[in-house]
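Terminal number for the sequence shown in the numbering used here: 272, no gaps in between.
The beta carbon of each residue, even a glycine, is placed where N, CA and C say it ideally should be.
Worksheet: one structure, shown below.
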Amino acid sequence: MGKNIAKTTHTFFFCDGGSCQKAGGEQVIRAARAYLRNNDYWNNTHTIKTRCNGRCEDAPTCIVHPGEFWYKELTPKKITHIVKGHINNDCPLETELLYKEGWKQQISNKEIAPIKPKPFEFKADEELGDCLITRGFSSDQYLYPLFLFMLEKQEGVTLHVPNKTHLAFKEIKEVNYSKEYTLELLTKTDCLEFTIAAVPKDDKELQQLKISITEYFYQKETTQTGIRFKNKFGETLGKIEFDSINTEAWKYCTKIQLQNLNLDLTQL
Ligand code: FES
């Protein structure tokens, strides 16, 4: 039988993402659960493993509710004190906090500046000719939203898949991301696939299909903008082109995908 959630006094969210696992997160979770079990708090508390909390530099991390308490660089010893403190007197262990509600900023010992796309640069590209080009992000956390947005704002958007097809995005009726690695673009009669999730390093076939490079470009000759997708070996897997620099979808790319990066056409 499951727990009676209505009786929960505290919930501990333990990050179980890759960085936290590497930093000993599993031992931290085990220590917390053992403390709760042996001190008869098990039925009134809840422990939940989460995916990455977005603070890998502070791994292993944990969030405590009620309140908004974020803990950093945990060890089995620290978590036992933290759990005790919250359960007994709702008293956070301030020295181990990354953030709590009311603080103007987080306190990390290992802050890493967020990665931003580099400015557009001039390139004489084999396929695109003279162009301004930059790299965006290629994880599925960026690519799935990108394709969903294209589905919403299809005007002036064209998709090219080498040796396969060339179609107006308007023909795409659905974007489906329910498979393990693959995104499906469904037209009335066809299904185009792009591999966007992280794939096993030793699977050469999947590595060849995986989008690992996402380039945003402006072509001098045609004045067209677009996105080119490549695998890690530099082979083109697909291309999206926009009718003009004013297409809604291109504006979205520079604002959201490239984090407000502007084209400087004087470079051409
Ligand atoms: S893996 Fe735990 S914060 Fe990223």
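Check: Could you pull out every residue in the same chain whose Cβ sits closer than 8 Å to the Cβ of residue 102, ignoring the five residues on either side in sequence?; Outcome: 59, 62, 65, 74, 75, 76, 110, 111, 112
Check: Taking the alpha-carbon of residue 100 as reference, which of 56, 246, 85 has the nearest alpha-carbon?; Outcome: 85
Check: I'd like the list of long-range same chain contacts for residue 203, defined as Cβ closer than 7 Å, with 5 residues on each side in sequence excluded.; Outcome: 185, 210, 211, 214
Check: Start and end of the alpha helix (DSSP H) containing residue 139?; Outcome: Where residue 139 is concerned, there is no enclosing alpha helix (DSSP H), although the beta strand (DSSP E) it sits in stretches over 133–139.
Check: Considering only heavy atoms of the ligand FES, does any lie closer than 6 Å to the CB of residue 36?; Outcome: no
Check: Report, in whole angstroms, the separation of the C-beta atoms of residue 18 and residue 6, which I expect to be a contact under 8 Å.; Outcome: Wrong, their Cβ atoms sit about 19 Å apart, outside the cutoff.
Check: What is the DSSP secondary structure of residue 109, reduced to helix, strand or coil?; Outcome: coil
Check: State buried or exposed for residue 170, treating a residue as buried only when at least 16 other CB atoms are found within 10 Å of its CB.; Outcome: exposed
Check: Specify the secondary structure class of residue 130 as computed by DSSP and reduced to three states.; Outcome: coil
Check: Determine the direct distance from the alpha carbon of residue 223 to that of residue 124, and round the result to whole angstroms.; Outcome: 12 Å
Check: Check whether the Cβ atoms of residue 105 and residue 72 lie closer than 7 Å to each other.; Outcome: yes
Check: Beta carbon of residue 113: closer than 6 Å to some heavy atom of the ligand FES?; Outcome: no
Check: According to DSSP, is residue 245 part of a helix, a strand, or is it coil?; Outcome: strand
Check: Ends of the alpha helix (DSSP H) at residue 29?; Outcome: 29–42
Check: What do you reckon, is the C-beta of residue 202 under 6 Å from a heavy atom of the ligand FES?; Outcome: no
Check: By Cβ distance below 6 Å, which residues in the same chain neighbour residue 178 in space, the five residues on each side in sequence not counted?; Outcome: 190
Check: Cβ of residue 65 versus every heavy atom of the ligand FES: is any distance shorter than 6 Å?; Outcome: yes
Check: From 254, 40, 219, 93, pick the residue whose C-alpha is nearest to that of residue 242; which is it?; Outcome: 219
Check: Please classify residue 58: does DSSP put it in a helix, a strand, or coil?; Outcome: coil
Check: I'd like to confirm something about residue 28: is its beta-carbon nearer than 6 Å to some heavy atom of the ligand FES, or not?; Outcome: no
Check: Would you be able to state if there are at least three C-beta pairs under 8 Å between the stretch 22–39 and the stretch 48–57?; Outcome: yes
Check: Have a look at 257, 44, 13 and flag the residue whose alpha-carbon is nearest the alpha-carbon of residue 152.; Outcome: 257
Check: Go through its chain and collect everything with a Cβ distance to residue 221's Cβ below 6 Å, but skip five positions before and after it.; Outcome: 132, 135, 137, 230
Check: Beta-carbon separation of residue 261 and residue 160 under 7 Å?; Outcome: no
Check: Grab me the residues of residue 150's own chain with a C-beta within less than 7 Å of its C-beta, minus the 5 sequence neighbours each way, in chain order.; Outcome: 261
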